[in-house]
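Going by our numbering, the sequence shown opens with residue 143, and the numbers climb by one from there. Taking it in order: structure first as structure tokens, then the write-up.
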Amino acid sequence: MSDCLFCKIAAGEIPSNKVYEDEVCFAFYDIAPQAPSHFLVIPKEHIASVSAISADNSAIVAHIFEVIAKITKEKGIESYRVVSNIGEQAGQSVPHLHFHVLSGRDMTWPPG
Ligand code: 5GP
Ligand code: ZN
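And the structure:
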């Protein structure tokens, strides 16, 4: 999508602090980290949120979770939280599917 912030970041049109990239997905550090380590993993294809996942695109999501397991292992991150906010009430501010990967501090449950 031409006017989507995360489509532009995935395409390298807007700079980011890149963590990982392959043909399917892109990972980069969050500009406003909520934990000592906080990066986002996004599909290169525009998907609006978890609500837009279907049989047609769920292989992308499976791949993203493989990538999360790989990146965290490589970085020696043993305990972490994966979060995806869907919709305004849950706190989604960018309408392009993204998984937050947070680690490096104690986390509360339930989340605020
Ligand atoms: P959401 O609020 O939709 O769950 O998460 C969006 C995240 O994107 C937020 O944590 C926010 O800090 C991050 N973010 C927004 N704009 C940018 C940007 O231009 N660059 C980076 N690296 N992160 C961004
Ligand atoms: Zn997008």
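We put the CB at the ideal spot given by N, CA and C, even for glycine.
Cα-Cα, which of the options is closest to residue i?
{"i": "F168", "options": "S245, I213 and N199", "result": "I213"}
{"i": "V161", "options": "L182, P178 and A177", "result": "L182"}
{"i": "D198", "options": "E208, F207 and E187", "result": "E187"}
{"i": "D172", "options": "P157, Q231 and D248", "result": "P157"}
{"i": "W251", "options": "H180, V166, F148 and V225", "result": "V225"}
{"i": "S235", "options": "M249, A174 and S179", "result": "A174"}
{"i": "D248", "options": "S144, P178 and E165", "result": "P178"}
{"i": "P253", "options": "D164, Q176 and E216", "result": "Q176"}
Whose C-beta lies closer than 7 Å to the C-beta of residue i among residues of the same chain, with five residues either side of it excluded?
{"i": "V203", "result": "I195"}
{"i": "Y222", "result": "T214, V243, L244 and S245"}
{"i": "K150", "result": "I156"}
Check for me: the beta strand (DSSP E) holding residue i runs from which residue to which?
{"i": "V225", "result": "R223 to V225"}
{"i": "C146", "result": "Element bounds for C146: n/a, residue is neither H nor E."}
{"i": "A169", "result": "C167 to Y171"}
{"i": "H242", "result": "F241 to S245"}
{"i": "K160", "result": "K160 to E163"}
Return yes when the Cβ of residue j is within less than 8 Å of the Cβ of residue i, no when it is not.
{"i": "H238", "j": "C146", "result": "yes"}
{"i": "I184", "j": "A152", "result": "yes"}
{"i": "S191", "j": "I228", "result": "yes"}
{"i": "N241", "j": "I219", "result": "The amino acid occupying residue 241 in the given sequence is Phe; Asn does not appear at that position. No; because the gap between Cβ atoms is not below 8 Å, this pair is not in contact."}
Which residue marks the beginning of the alpha helix (DSSP H) containing residue i, and which one marks its end?
{"i": "H180", "result": "No alpha helix (DSSP H) holds H180; the beta strand (DSSP E) holding it covers S179 to P185."}
{"i": "I206", "result": "S200 to E216"}
Going by beta carbon distance, what residues of the same chain come within less than 6 Å of residue i, once the five residues before and after it are set aside?
{"i": "H180", "result": "D172 and L244"}
Listed by chain order, which residues have C-beta atoms less than 7 Å from any heavy atom of the ligand ZN?
M143, C146, F148, C149, H188 and H238
Hey, which residues come within less than 7 Å of the ligand 5GP, measuring from Cβ to any heavy atom, in chain order?
Chain-ordered list of matching residues: L147, I151, I156, S158, N159, F170, Y171, D172, I173, A174, Q176, L182, N227, G233, Q234, S235, V236, H240 and H242.
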